[in-house]
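Enquirer:
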Amino acid sequence: EGAKVAVTDLDQAACDAVVAEIKANSGTANAYALDVSNHDAIKSVVANVANDFGGIDILVNNAGISAFCPLDAADEYDAIWDRALAILLTAHQRTVRLGAAPGDTPYVAAKTGVTGLTRGMAVDLGKEGITVNCICPGPIRTGMTNNVPEDDKMLYAKRRTALRRYAWPEEVAHMTLSLVLPAASFITGAVIPVDGGLMARNA
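For what it's worth, the numbering used here labels the leading residue of the sequence shown as 352, then goes sequentially.
(1) For residue 496, which of 426, 529 and 508 has the nearest alpha-carbon?
(2) Go to residue 381, then tell me how far its beta strand (DSSP E) extends in each direction, as first and last residue.
(3) At the level of alpha carbons, what is the spacing between residue 364 and residue 354?
(4) Determine the burial state of residue 409: buried for a count of at least 16 other Cβ atoms within 10 Å of its Cβ, exposed for fewer.
(5) If you draw a straight line from the C-alpha of residue 535 to the C-alpha of residue 550, how long is it?
(6) Would a C-beta distance cut-off of 8 angstroms place residue 484 and residue 539 closer than the cut-off?
(7) Ordered along the chain, which non-local residues of its own chain (more than five positions away) have a Cβ less than 8 angstroms from that of residue 404?
(8) Quick check on the burial criterion: 16 or more other C-beta atoms within 10 angstroms. Buried or exposed for residue 490?
(9) On the DSSP bridge list, what partners appear for residue 355?
(10) So, is residue 481 buried or exposed, given that buried needs 16 or more other C-beta atoms within 10 angstroms?
(11) Could you give the first and the last residue of the continuous beta strand (DSSP E) run that contains residue 544?
(12) Residues in the same chain with beta-carbon distance under 8 angstroms from residue 474, minus the five sequence neighbours each way, listed in chain order, please.
(13) Can you grab the Cα-Cα spacing for the pair residue 545 / residue 458, in whole Å?
(14) At what residues does the beta strand (DSSP E) containing residue 486 begin and finish?
(15) With a threshold of 7 angstroms on Cβ separation, who are the neighbours of residue 553 within its own chain once the five nearest residues in sequence on each side are excluded?
(16) Run through the stretch 511-552 for me and flag every whole beta strand (DSSP E) of 3 or more residues, listed as ranges in chain order.
(17) Looking at residue 438 and residue 416, is the spacing between their C-beta atoms short of 8 angstroms?
(18) I'd like to know whether the C-beta atoms of residue 296 and residue 393 end up nearer to each other than 8 angstroms.
(19) In terms of residue numbering, what span does the alpha helix (DSSP H) encompassing residue 464 cover?
(20) Determine the DSSP secondary structure at residue 491, reduced to helix, strand or coil.
(21) Is residue 408 helix, strand or coil when you go by DSSP?
(22) Run through DSSP, which three-state label would residue 360 get?
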């Protein structure tokens, strides 16, 4: 489509092969060996790409590895966990941050990771009869929101939630209690909003 392509991969030969294919089809491309788990390598390659092509307009974060391991695999699990996060998550934000403005991304990424972790652990631990669920609170009156003026709380709640109000911590606690009772023994891998209709109203 007319893009100048920076091809990156752990394997230089693989990069070269893709570049050759692009050039054979009248495209423009350069090859860059890159281990995205290496922060310094990311900085170096991004700088080189920007220099070679006069900037970067499009970023495709598509590095991937297989990262399957039983939870009881001790040290092996920790090593795979660290490598999976480094390549599948941390590398993404590092490459994006080199050209993006700061904001709420760390919080959002962490919370999104929790939902995925919930589903993965539910599958891994299900054979042991262990349930794993995730509760996603909406606007709650907690220490995190104490400094938000009451008028702003009311305005946000009326605009964003179906129930038009902030919740009390006890309302989240009731859901937590419900999920650990025997009556909820067949609920696992669930991501449950306790948000006064925040997701329903803003989907």
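Every residue, glycine too, gets a C-beta built ideally from N, C-alpha and C.
Nothing here was measured: the structure is a model prediction, and the numbers come from that model.
Expert: Taking the coordinates as given:
(1) 508
(2) 379-384
(3) 22 angstroms
(4) exposed
(5) 23 angstroms
(6) yes
(7) 355, 357 and 381
(8) buried
(9) 379
(10) exposed
(11) 542-545
(12) 540
(13) So the alpha carbons of these two residues sit roughly 18 angstroms apart.
(14) 485-488
(15) 511
(16) 542-545
(17) yes
(18) Nothing can be reported for residue 296: it is not among the residues displayed for the chain, which extend from 352 to 554.
(19) 456-477
(20) DSSP, read as helix, strand or coil, puts residue 491 in strand.
(21) coil
(22) strand
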